[in-house]
Ligand SMILES: [Cu+2]
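In mature numbering (1 follows the signal peptide of the UniProt record, and there is no 0), the protein residues as written are -19 to -1, 1 to 288.
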């Protein structure tokens, strides 16, 4: 009960303009605001619909409560005998239509904006593999794969039970983060090499399917530096739950520095990860790995063509 109350409190808090957190917090009930124009659009559309629903709920339940109380049997009320009332029917048709039109207008504008990748300043190609992501910075000659961090991988195969304290980002940590500059319109072209995946970072405000043979588009303009986590959102095989996404948004200057280092090949690993080789070889199967079936179906990143 206490936790539920706290959750309701969070709803109120996140409904206010102060909600800026990207990562969900415990007992958060409302959606997060995210850190891009599109995520803010989604949040605003959601809040508008929510408050309209609240308004409708209040009016309807107030009318019901009033009717039940004012026209009760003990006060001598008798059941109505009419079956139609043209005025009432016109009103309860027109008001919802007006509400729907009022809601569809901003929603359509926002939907169109989601697909408007014009004037983007850079393009990242995202390719889904069983079970990792590959990022190509188009035109920059920089590409690398990003897969579940070794530590998360070790824990998941060891039978250990990680806690939120000991491993706060268990299964949401990667070896190579996708580094992006803030205040930059980044266009994503998203595809897959084997099966359908879906690239989803909630803080960016959208998810986009990664389909073999098809190139989907999306865009993001991250407004705040930070680390934003996501996951594959399309059931893509036995390790679907083990191909997280981590986006590291940095200042433009920091991004240029990072890009130059990547190009120079002597890249300092993004955020303290081990050597950021353009294409990382497959790790040897863990010695603790008991099931042979798990070992033989590990992905083969070494077979991916560089660039
Ligand atoms: Cu996947």
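Ideal placement from N, C-alpha and C gives every residue a C-beta, glycine not left out.
In the three-state reduction of the DSSP assignment, residue 131 falls in the helix class, which pools H, G and I.
The beta carbon of residue 95 sits closer than 7 Å to the beta carbons of 19 and 187 from its chain, once the five residues preceding and following it are set aside; these are given in chain order. Distance from the Cα of residue 208 is smallest, within the candidate group 97, 182, 101 and 12, for 182.
Closest in C-alpha terms to residue 164, from the list 201, 52, 184 and 154, comes 201. In this structure, the CA atom of residue 131 is about 39 Å from the CA atom of residue 91.
Bridge partners of residue 110 according to DSSP: 113. Approximately 11 Å separates the beta-carbon atoms of residue 5 and residue 15; this is outside 8 Å, ruling out the contact. Sequence-distant partners of residue 227 (beyond 5 residues in either direction) whose C-beta falls short of 6 Å from its own C-beta, in its chain, are 155, 158 and 210. Annotated three-state conformation of residue 63 is coil, per DSSP.
Just measuring C-alpha positions, the residue of 35, 116 and 112 sitting nearest residue 240 is 116.
Here residue 220 is buried. Its C-beta has 16 or more other C-beta atoms within 10 Å. Between the beta-carbon of residue 120 and that of residue 178 there is about 24 Å, and that puts the pair past the 8 Å contact cut.
Judged by DSSP secondary structure, residue 49 falls within the alpha helix (DSSP H) whose first and last residues are 18 to 51. Cα atoms of residue 82 and residue 244: separation of roughly 51 Å, rounded to the nearest angstrom. For the pair residue 107 and residue 171, the CB atoms are nearer than the 8 Å cut-off. Relative to ligand 1, even the nearest heavy atom lies 7 Å or more away from the CB of residue 45. The three-state reading of DSSP puts residue 224 in coil, since its state is none of H, G, I, E or B. Rounded to the nearest whole angstrom, the C-alpha separation of residue 114 and residue 67 is 60 Å.
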